[in-house]
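Those sequence lines, one after another, are chains A and B. Residue numbers for the first sequence follow our numbering, beginning at 1 and rising by one. Residue numbers for the second sequence follow our numbering, beginning at 68 and rising by one. One structure is given here, and the rest of the page talks about it.
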Amino acid sequence: MTLKVLFRSKEHVIDFSSDIVKAKDILKHFDLSPEYAFVVVDGKVVSEDENLKPDKKIKVVSAISGG
Amino acid sequence: MNSLKKGSLCLICKTKGTKKEADIYLPAYRLPICKEHYLDWVVRRVEETIKEFRMIKRDDRILVAVSGGKDSLALWDILVKLGYEADGFYINLGIGEYSEDSKELAIKFSKEINRTLHIISLKDELLPIPKLKEKFNKPTCSVCGTVKRYYMNKKAKELGYNVLATGHNLDDEVAVLFKNVLTWDINYLSRQYPVLEEEDGFVRKVKPLCRMSEKEMALYSFFRGIEYIEYECPFAEGASTIETKKFISALEEKSPGMKLQFYNSFLKRVYPLMKDKDQKVILKSCKICGEPSVNDTCSVCNMKLKIEDYTKS
Ligand SMILES: [Zn+2]
Ligand SMILES: [Zn+2]
Numbered sequence: 001m002t003l004k005v006l007f008r009s010k011e012h013v014i015d016f017s018s019d020i021v022k023a024k025d026i027l028k029h030f031d032l033s034p035e036y037a038f039v040v041v042d043g044k045v046v047s048e049d050e051n052l053k054p055d056k057k058i059k060v061v062s063a064i065s066g067g
Numbered sequence: 068m069n070s071l072k073k074g075s076l077c078l079i080c081k082t083k084g085t086k087k088e089a090d091i092y093l094p095a096y097r098l099p100i101c102k103e104h105y106l107d108w109v110v111r112r113v114e115e116t117i118k119e120f121r122m123i124k125r126d127d128r129i130l131v132a133v134s135g136g137k138d139s140l141a142l143w144d145i146l147v148k149l150g151y152e153a154d155g156f157y158i159n160l161g162i163g164e165y166s167e168d169s170k171e172l173a174i175k176f177s178k179e180i181n182r183t184l185h186i187i188s189l190k191d192e193l194l195p196i197p198k199l200k201e202k203f204n205k206p207t208c209s210v211c212g213t214v215k216r217y218y219m220n221k222k223a224k225e226l227g228y229n230v231l232a233t234g235h236n237l238d239d240e241v242a243v244l245f246k247n248v249l250t251w252d253i254n255y256l257s258r259q260y261p262v263l264e265e266e267d268g269f270v271r272k273v274k275p276l277c278r279m280s281e282k283e284m285a286l287y288s289f290f291r292g293i294e295y296i297e298y299e300c301p302f303a304e305g306a307s308t309i310e311t312k313k314f315i316s317a318l319e320e321k322s323p324g325m326k327l328q329f330y331n332s333f334l335k336r337v338y339p340l341m342k343d344k345d346q347k348v349i350l351k352s353c354k355i356c357g358e359p360s361v362n363d364t365c366s367v368c369n370m371k372l373k374i375e376d377y378t379k380s
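This is the structure in C-alpha cells:
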C-alpha cells in the first residue's frame with residue numbers, strides 16, 4: 001500500500017509491502033516514538049493501532065525539538 | 068497500557084457523570100481524556116506550576132519570548148487565558164526561510180489573541196545568525212543563545228516588563244538536567260530552577276511549562292488550532308539535545324512518568340542542597356550598554372566591537 005504523509009510541512013510518498021498499515025508503522029518509518037510523536041488522520045489524533053487508508057489525509061507531528 | 072485503546076472513555080467526563088470517548092491517552096498520568104478536558108487540564112496544570120513556584124504576581128507585566136514554535140505560542144495562549152498581562156517578543160534571527168516563516172506565524176497568532184508582539188531584528192541590532200556564525204568561530208546554538216538572552220533581558224526592561232517567560236518544557240529541562248548530572252556541573256545545577264528572581268540587572272525569568280512534556284504541548288497546540296513552525300531550525304538539525312531527548316524518551320516509554328519524577332525529585336531533594344553552592348560571580352554593568360556582565364564589556368558589545376573592526380579594515 002502506498003500512503004501520502006505530511007511531515008514537517010513536506011509531503012512524503014511511502015510504499016509499504018503490507019496492505020495493513022497502522023499509525024505506529026508510519027512513526028516507525030520516520031524513526032519516531034509515540035512518546036513524542038503522533039499521527040493525525042483527517043484532522044483527528046489517532047491511536048497507534050489505527051489502520052490507515054490511502055484516501056485519508058495523514059499527517060505526522062513530532063514534538064521533539066532541539067531548541 | 069501505554070496507548071489509547073479503542074472505546075476508552077474520558078476519565079474527567081466520567082467523574083462528571085457523562086460518557087464521552089477519550090481522544091488521547093496520557094501514559095505518565097494513566098489518563099484517557101477528551102479534547103475539551105485536555106485543553107482545560109493543561110491550563111490548570113500550568114496554573115498550579117505558576118502558583119507553586121510563585122512565578123507570577125497578578126500585577127506583573129510579562130514578556131513572552133516567542134519563537135513561533137509550539138511551546139512559546141501555547142505558553143502565551145495559556146498566560147492570556149489565565150488573565151495575565153502578557154505580550155510577545157520575537158527576535159528575527161535572520162535564518163532565511165525559517166525566520167521568515169516563524170515570524171509570520173508569531174504575528175498571525177498575536178492577532179488571533181489580540182496582544183502586542185514586539186519584534187526586533189538581529190540584522191539591525193548586530194548581525195544575522197548565519198553571519199555571526201561566519202565571523203565568530205563558536206557553535207551556532209551557543210552564540211544564538213547568548214544573543215537571545217541578552218536582547219530578551221535588555222528589551223524587557225526597556226519596554227517596561229518585569230517578568231520574562233520562556234516556553235522551556237519538561238523535556239528541555241530534563242535533557243539539560245541529564246547533561247549537567249553526567250558532568251556533575253554544580254554551577255549549572257545550582258541555577259536550574261523554573262524561576263530565577265530579579266537580580267543584578269536581570270528581570271525575573273520563569274518557565275511555566277517546566278512540567279509539561281513536549282508531546283503534551285504539541286497536542287495542546289494541535290487541539291487549540293495554533294499554527295506553529297513545524298520544521299526545525301536548520302542549525303539545530305542533528306543537535307546533540309535531540310539525541311539526548313530521544314535517549315530519555317526511550318526510558319520514558321518503558322517507565323511512563325520517569326521524566327516527571329526525575330525533574331520533580333531534583334527540585335525537591337537535590338536543588339535545595341545545591342542552591343547556595345554556586346560560586347557567586349560578582350556582576351558588573353557593561354561599560355558600553357549597561358547590561359549585567361562578568362567582564363567590563365559584555366559578550367554582545369564585544370561582538371559588536373569586533374564587527375566594527377572588520378568593517379573598518
Ligand atoms: Zn472529557
Ligand atoms: Zn554591553
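We treat Cβ as the ideally placed atom computed from N, Cα and C, and that holds for glycine. If you're wondering where the values come from, they're calculated on a predicted model, not measured in any experiment.
Considering only DSSP beta bridges, list what residue i is partnered with.
i         : result
ILE158(B) : ILE187(B)
LYS272(B) : LEU231(B) and LEU263(B)
VAL40(A)  : VAL45(A) and LYS59(A)
ASN51(A)  : LYS22(A)
ILE62(B)  : Any property of residue 62(B) remains undetermined from this structure, which presents chain B solely from 68 to 380.
SER352(B) : PRO359(B)
ALA153(B) : ILE129(B)
LEU76(B)  : GLU88(B)
Beta-carbon separation of residue i and residue j under 9 Å?
i         : j         : result
ARG278(B) : LEU327(B) : yes
GLY135(B) : TYR295(B) : yes
ILE123(B) : LEU142(B) : no
GLY150(B) : ARG182(B) : no
VAL210(B) : LYS200(B) : yes
CYS101(B) : GLU114(B) : no
PHE38(A)  : ILE79(B)  : no
VAL367(B) : LYS351(B) : no
PHE176(B) : VAL61(A)  : no
With a threshold of 16 other CB atoms inside 10 Å of the CB of residue i, please say whether the residue is buried or exposed.
i         : result
ASP144(B) : buried
ILE129(B) : buried
ASN236(B) : buried
GLU225(B) : exposed
THR233(B) : buried
PRO339(B) : exposed
LYS59(A)  : buried
THR82(B)  : exposed
GLU319(B) : buried
VAL241(B) : buried
VAL46(A)  : buried
GLN259(B) : buried
SER307(B) : exposed
VAL49(A)  : Before going on, a small fix: residue 49(A) reads as Asp here, not Val. Answer is exposed; the Cβ neighbour count stays below 16.
LEU249(B) : exposed
Could you give the residue range of the alpha helix (DSSP H) that holds residue i?
i         : result
PHE329(B) : 325-332
PHE176(B) : 163-180
ARG112(B) : 102-119
THR2(A)   : First-last for THR2(A): 2-7, but that is the beta strand (DSSP E), not the alpha helix (DSSP H).
PHE289(B) : 281-291
LEU256(B) : 253-256
ALA317(B) : 307-321
MET219(B) : 207-225
PRO197(B) : 196-202
GLU240(B) : 237-249
MET341(B) : 338-341
Since residue i is in the beta strand (DSSP E), which residue starts that stretch and which ends it?
i         : result
ASP15(A)  : 10-15
ALA132(B) : 128-132
ILE64(A)  : Per DSSP, ILE64(A) belongs to no beta strand (DSSP E) and is neither H nor E.
Determine, using beta carbons only, whether residue i comes closer than 9 Å to chain C.
i        : result
PRO54(A) : Any reference to chain C falls outside this structure, whose protein chains are A and B.
Could you please go through the chain and list the residues whose beta-carbon is closer than 7 Å to any non-hydrogen atom of ligand 1?
These are the residues, in chain order, with a beta carbon less than 7 Å from any non-hydrogen atom of ligand 1: CYS77(B), ILE79(B), CYS80(B), LYS87(B), ILE100(B), CYS101(B), GLU103(B) and HIS104(B).
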